[in-house]
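Below is one structure, written out as structure tokens; comments come after it.
There are 2 protein chains.
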Amino acid sequence: MIRLALFLFVAFTLSVKVEAQPSVSQTDADFLRRIYTHTLTDSRAYPWLEHLSLKVGHRLSGSTGADKAVTYTRAMLDTLGLDSVWLQPVMVPHWERGAPEMVRVSGSKLLGNQNLPALALGGSVATPAGGITADVVEVSSWEELEGVGERNIRGKIVLFNRPMDPTRIRTFEAYGGAVDQRVHGAARASKLGAVAVLVRSMGLRADDFPHTGTLRYDSTVTLIPAAAISTNAADQLSQALREEGKVRVSMQLNCRTLPDVMSYNVIGEIRGSENPGEYIVVGGHLDSWDVGHGAHDDGAGCTQSMDVLRTIKHLGYKPRHTIRCVLFMNEENGLRGGKQYAAEAERKGEYHLFALESDAGGFTPRGFTFDAEESRIAGFFERIETFRELFEPYGLTLARGGSGADISPLKSQKGLLSGYQPDSQRYFDVHHTAADTFDTVNKRELELGAASMVALVYLIDKYSVGK
Amino acid sequence: MIRLALFLFVAFTLSVKVEAQPSVSQTDADFLRRIYTHTLTDSRAYPWLEHLSLKVGHRLSGSTGADKAVTYTRAMLDTLGLDSVWLQPVMVPHWERGAPEMVRVSGSKLLGNQNLPALALGGSVATPAGGITADVVEVSSWEELEGVGERNIRGKIVLFNRPMDPTRIRTFEAYGGAVDQRVHGAARASKLGAVAVLVRSMGLRADDFPHTGTLRYDSTVTLIPAAAISTNAADQLSQALREEGKVRVSMQLNCRTLPDVMSYNVIGEIRGSENPGEYIVVGGHLDSWDVGHGAHDDGAGCTQSMDVLRTIKHLGYKPRHTIRCVLFMNEENGLRGGKQYAAEAERKGEYHLFALESDAGGFTPRGFTFDAEESRIAGFFERIETFRELFEPYGLTLARGGSGADISPLKSQKGLLSGYQPDSQRYFDVHHTAADTFDTVNKRELELGAASMVALVYLIDKYSVGK
């Protein structure tokens, strides 16, 4: 009897284990084929992105562009026959660039007198009336900054000039290895008495586009102005410093931070047929930097996410869980939208089994990465791996890795998070620049991404991965 | 004793089998890392391509552009310290477009009188003096052509308007499913009495670029002129036909075929240290169509192939087999270079264990496909699969599939062939058009392709796959 009981126990355990694994089928393969066929012939992602890029344009939090983007995307979601569409209020920072900035070299033998292509970093203070003129000190690491020391930095403009590492295959890793200069450069240089900061743009290409992006001040030291200069300008300035020993630069930044303003996350949902109180989110961020069109960053992710819900409706798939498209406000300089969404979900006890973000550009799809709390990721990923063969015909790989900034506050719910991963090689050519324009987005690539996202959402919902 | 003998026999067989498999090592992983680091920081592929695109320009067989391309690439190979560099003579076709073609709709209510964006197909005959004016008959398949029949086709211009299938993930498959219209349309329509042919451009994008490309006449019927019109123009013409029943078009093509001329394959080689009489080839085709820069097709493949030899020299790798870079002439309208190279190799008894072609654009790398005679491919591919983990960090997949047109005549030698596979989504936006320009090639993507090609050549050489 004991042996029989043991046998039954083992058999039961095994059967539970087997049932817990998704068992993908020809039905799934066929449904994925329908998703791609629909999206590649009838997607709205591209015309939506065209409108968002060319009619709305850039849309930094607090700007009229951001307001227009909220109105437009809400109106588009309203056309999809969803169960509900609404705006979720969120207070966001309001920083303005003001009149175009000026970063000017004067009296250099090599460079003469010339303006360098520059953009104030997001959140920077302005220069004092009359601007700042000072000698430049170049460093490429925190160690070098400390080594140069206060004696040589006080009263100077510090140039942070460590390039992104071109030998990293994944450009996001190269970004991760350099962006500390942009984020912390002003605070660290100010501690040593610097009067302003220039940062080499976060790009892998030698070109004339300055890349803006956010910085973090340290409120215990003076807030000093900071601007990015193009990679070419950084190289030229560096060369002039080597050859001439001393280079004088004038900076004029006209930016200001105004009081926070009300803005919105834009949300649409299809109610779940079996577990309406459990949620799947797919999203991107609606705000962008205040240059270019914000087409790749992140108009692409927004319109793809909207297209996910449109395709689910179109194909008549009845999701088991409630599926939401969330267009988050203020990813670029505050993450207020992502935090607000997670806080509201927490307050209402809305369990999110899965959240997917597309915020790495509208380029050709390469796959998805998956993240969760440490105790849960291995179990989740084992189930995700059963989807591998379904994605192979579409050239997609599934791996453990990061997800997205806006959905990261949901991680504490212990569900599954994922980041859509398009090819990353061209992303930092346009990221946070005037070059992030609609014409650099390829229609098919955008659509293939949207279809891939529908496919993943469908499988997660059907097999309840993330619970 | 018999059992011992059997044991020894089995053990011996196993050990032989094990030795025959490549046994990739940390050394290989390290060497691949060196290849990528060198190529991503010190490649010449991009500046070479810039010269080939902007200073040489397009280079159809027999043109002065083709001559200049031969001179330039030979001179560049001469700078690399190779063991030999030479030109291999080959007679090539000489077709000229002449004055720009004209395809004009007249008297349509929808379209008015307007010129359609058009390019004569390569090899097309000219229209008679005064051009051709006739009504248009649209078909989308050979069955439809036969169904419409001679009675309705005689004296007309046939429009072949079957689009490339946008739902195919691999765009080359979509191309393969439509290009028969361009290749055989004129011959098939002529049999039914048509006076000329228009073909919908081989592209997936709705745009105004006509795509040229080669056609094949049937010498038993009248050679009629043929031109491609842009996808937008084909759609408009089709709509006008639906709405108005009858649309009249005038065509004027000014092309001509001149006598064959002497041209060259450009070849550079590094002699093998162990088996100098066995060959590995890496190449692309030097000729292009006579529009745009031929930057992706196939300037990219040529400069990547040249870069493979430069990197091998630079890293001090001593290949076991002789490694050749071959820039083939006349892939686009004759394949004479590829045939000539294979014939010479055959004549001299040069066994080619491996040939790799890059002729699918300079886009971000996805992997390689492998081909060989049916009796050998399975054995070869089993060995290739042991390289899989080495390529994973670089995002490359290895699969059975096609290789390249220029190297296909080498297949009868029973060695291994491979095609470099960059991402295909954007390729048919530019293929055979004025849009195939240098600025559409991304430096990093081009370099990542070149590095991938060096890595594969190194592994094949080291482990003698293909023998």
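Chains as they are written, first to last, in the working numbering: chain A, 251 to 717; chain B, 251 to 717.
Built from N, CA and C at the ideal position, the CB exists for glycine as well.
_Nearest-angstrom Cα separation, counted from residue 641 of chain B out to residue 310 of chain B_ = Whole-angstrom Cα-Cα distance: 35 Å.
*Can you tell me the Cα-Cα spacing of residue 471 of chain A and residue 405 of chain A, whole angstroms?*
14 Å
_residue 626 of chain A - DSSP class collapsed to helix/strand/coil_ = helix
_Distance check for residue 678 of chain A and residue 265 of chain B, CA to CA, integer angstroms please._
Low per-residue confidence applies at residue 265 of chain B: pLDDT is 39, beneath 50, and the placement is therefore not dependable, though the value from the model is reported in the following sentence. So the two alpha carbons sit approximately 50 Å from each other.
*Counting along the chain, where does the alpha helix (DSSP H) carrying residue 562 of chain B start and finish?*
550 to 564
*Find the nearest neighbour of residue 543 of chain B within the set B:448, B:687 and B:492, judged by alpha-carbon distance.*
B:687
*the stretch 692 to 707 of chain B: which residues have C-beta closer than 8 Å to a C-beta of chain A, in chain order?*
Closer than 8 Å at the C-beta level to chain A, one finds these residues of the stretch 692 to 707 of chain B: 692, 693, 694, 695 and 698.
*Would you call the CB atoms of residue 295 of chain B and residue 545 of chain B closer than 8 Å?*
Not a contact, by the Cβ cut-off of 8 Å.
*Kindly indicate which three-state DSSP category residue 419 of chain A falls into: helix, strand or coil?*
coil
*asked:* Between residue 290 of chain B and chain A, is any beta-carbon pair separated by less than 8 Å?
replied: Yes, because at least one Cβ of chain A sits closer than 8 Å to the Cβ of residue 290 of chain B.
*chain A contacts made by the stretch 408 to 438 of chain B, where a contact means CB separation under 7 Å*: Residues of the stretch 408 to 438 of chain B that bring their beta carbon within less than 7 Å of a beta carbon in chain A comprise 416, 417 and 419, in sequence order.
_Please list, in chain order, the residues of the stretch 633 to 646 of chain A that have any C-beta partner in chain B closer than 8 Å._
If the cut-off is 8 Å between Cβ atoms, the stretch 633 to 646 of chain A has 643, 644 and 645 near chain B.
_Cutting at 7 Å between CB atoms, please list the residues of its own chain near residue 388 of chain B, excluding the five before and the five after it._
Annotation for residue 388 of chain B: 409, 411, 488 and 491 place their beta carbon closer than 7 Å to its own, counting only its chain and skipping 5 residues before and after.
*Would you kindly report the start and end of the unbroken beta strand (DSSP E) that includes residue 619 of chain A?*
615 to 621
*Can you pull the chain B residues whose beta carbon is under 7 Å from the beta carbon of residue 673 of chain A, in chain order?*
614 and 673
*asked:* So, at 8 Å on beta carbons, what are the nonlocal neighbours of residue 351 of chain B in its own chain, with the 5 sequence-adjacent residues on each side left out?
replied: 368, 369, 370, 477, 501, 502, 503, 504 and 505
*Excluding five sequence neighbours on each side, which residues of the same chain lie with their C-beta closer than 8 Å to the C-beta of residue 268 of chain A?*
Note that residue 268 of chain A has pLDDT 40, beneath the 50 cutoff, so the model's placement of it is unreliable and no number is given.
*Going by DSSP, name the residue or residues bridged to residue 575 of chain A.*
A:518 and A:532
*Report all residues from its chain with a CB closer than 7 Å to the CB of residue 617 of chain B; omit the five preceding and five following residues, and keep chain order.*
646, 647, 648, 649 and 671
*Output yes if chain B places a C-beta closer than 8 Å to the C-beta of residue 455 of chain A; else output no.*
yes
*asked:* For the pair the stretch 509 to 521 of chain A and the stretch 324 to 342 of chain A, tell me if three or more CB-CB distances fall below 8 Å.
replied: yes
*What residue from B:709, B:572 and B:377 has the CA that sits closest to residue 446 of chain B's CA?*
B:377
*Going by C-alpha distance, which of B:619, B:397 and B:552 is nearest residue 324 of chain B?*
Ranking B:619, B:397 and B:552 by Cα distance to residue 324 of chain B puts B:552 first.
*Ends of the alpha helix (DSSP H) at residue 702 of chain B?*
Segment 693 to 713, the alpha helix (DSSP H) holding residue 702 of chain B.
*Please go through the same chain and pick out, in chain order, the residues whose beta-carbon is closer than 6 Å to the beta-carbon of residue 256 of chain B, but skip the five residues on each side of it.*
Any reading at residue 256 of chain B must be qualified, since the residue scores a pLDDT of 41, below 50, and its modelled position is unreliable; the value itself is stated next. Answer for residue 256 of chain B: no residue qualifies.
*Which chain A residues are close to residue 287 of chain B, counting only those with a beta carbon under 8 Å from its beta carbon?*
Those within 8 Å of residue 287 of chain B in chain A are 417.
*asked:* Using a Cβ-Cβ cutoff of less than 6 Å, which residues in the same chain neighbour residue 430 of chain A once the five nearest sequence positions on both sides are dropped?
replied: Excluding residues up to 5 positions away in sequence, nothing lies with its Cβ nearer than 6 Å to the Cβ of residue 430 of chain A in the same chain.
_Less than 8 Å between CB atoms is the rule here; does residue 650 of chain A satisfy it with respect to chain B?_
no
*With a threshold of 16 other CB atoms inside 10 Å of the CB of residue 364 of chain B, please say whether the residue is buried or exposed.*
exposed
_Beta-carbon proximity check, residue 681 of chain A vs residue 461 of chain A, cutoff 8 Å_ = yes
_Contact list for residue 450 of chain A against chain B, beta-carbon separation under 8 Å_ = Going along chain B, no residue has its Cβ under 8 Å from residue 450 of chain A, so there is no contact; the nearest lies around 17 Å.
*Could you check what DSSP says for residue 567 of chain B in three-state terms: helix, strand or coil?*
coil
*Which same chain residues, not among the five before or five after residue 569 of chain B, have their C-beta less than 7 Å away from its C-beta?*
520, 522, 523, 562 and 711
*Mark residue 305 of chain B as exposed unless 16 or more other C-beta atoms lie within 10 angstroms of its C-beta, in which case mark it buried.*
exposed
*asked:* Distance cutoff 8 Å, beta carbons only. Does residue 676 of chain A sit that close to anything in chain B?
replied: yes
*Could you give the DSSP three-state label for residue 414 of chain B: helix, strand or coil?*
coil
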